[in-house]
Amino acid sequence: VHMELSADRKSDMDVPPGHVVHTLVSEHDHILGYLDELEELNEKIQQMKRYRPGRDEFARLRNVAAHLVDSEPHHEREEEVLFPELEQRGVTGPPNVMRMEHEQLRPQKHKLEDLAETVGEMDFDEFKRQLRTVAEFVVPTLRDHIYKENNILYPTAVDLIDDDELWEKMKHDADEVGYCCFTPSAGDEESEHTRT
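Counting in our numbering, the sequence shown runs without a single skipped number right up to 272 at its last residue.
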């Protein structure tokens, strides 16, 4: 089994709200929004001459960092529920690459959260340097990661796993793993999982 590496196939997936893959894609939409905000905040903070604790940018940075760290259940559901089913069907390389990228991103998201929480205790120029390094890794790497999952990995899963009962079991297993604070519920923008 091989993946169709060149096709943009996200729009081809026909999965209902509440489906494992639909939830993962919906979470990606939220994560992409946080990445856009992180990119914008980094640009604004790089132009500042000194740290002013009352500036809105720093509260927003803490919020973005916390949400990116809270995306961990998303990755855990992929690794524990979706990837093993793909691997049983002969798709082994792409899940391994996605796991490796999760491992690369995880410490960088925690570094971002640490920076956002300790900016007042640091030399501001050093803070800006570290923020730039982290943001310039996390933003493009996670965007590219999401693109590959949305347009290659998830459509492959939908194509290969043609068993509604199995998808129901996977949904139950995903529920057991848990959700992100921003996970939408089936068919609506708000969720019992959503907290601010």
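Glycine is no exception: its CB is placed at the ideal position from the N, C-alpha and C atoms.
query: Report the option in Val-97, Asp-239, Gln-123 whose CA atom is closest to the CA atom of His-284.; result: Not covered by the structure: residue 284. The range shown for the chain is 77 to 272.
query: Should Thr-259 and Glu-103 be called a contact, given that it needs their Cβ atoms to be closer than 8 Å?; result: yes
query: Assign Ile-228 to one of three DSSP states: helix, strand, or coil.; result: helix
query: If the criterion is Cβ atoms closer than 8 Å, does the pair Thr-232 and Leu-162 meet it?; result: yes
query: Quick check on His-221: does DSSP put it in helix, strand or coil?; result: helix
query: Please determine, among Lys-224, Gly-254, Asp-112, the residue with the shortest C-alpha to C-alpha distance to Asn-172.; result: Lys-224
query: Quick check: what's the CA-CA separation for Met-124 versus Glu-189?; result: 20 Å
query: Does the stretch 249-258 come within contact of the stretch 175-186, defined as at least 3 CB pairs closer than 8 Å?; result: no
query: In angstroms with no decimal places, state the Cα-to-Cα distance between Leu-242 and Glu-197.; result: 51 Å
query: Output the boundary residues of the alpha helix (DSSP H) element that contains His-151.; result: 148-153
query: Evaluate Glu-266 with the Cβ neighbour count: other Cβ atoms within 10 Å of its Cβ, from every protein chain shown; 16 or more gives buried, anything less gives exposed.; result: Low local confidence applies: a pLDDT of 37 at Glu-266 is under 50, so the model's placement there is unreliable, with the coordinate-based value given in what follows. Exposed, because fewer than 16 other Cβ atoms sit within 10 Å of the Cβ of Glu-266.
query: In the structure shown, what three-state DSSP assignment does Lys-125 receive?; result: coil
query: If we ignore side chains and look at the alpha-carbon of each, how far apart do His-143 and Leu-218 end up?; result: 14 Å
query: Assign Pro-129 to one of two classes, buried (16 or more other C-beta atoms within 10 Å of its C-beta) or exposed (fewer than that).; result: exposed
query: Which whole-angstrom value describes the C-beta separation of Val-91 and Val-214, a residue pair presumed to lie in contact below a C-beta threshold of 8 Å?; result: Not really, about 28 Å apart at Cβ, beyond 8 Å.
query: Is DSSP giving Gly-130 helix, strand or coil here?; result: coil
query: For the stretch 132-213, which segments carrying the alpha helix (DSSP H) assignment without a break, of at least 4 residues, lie completely within its bounds, in sequence order?; result: 132-145, 148-153, 159-164, 169-194
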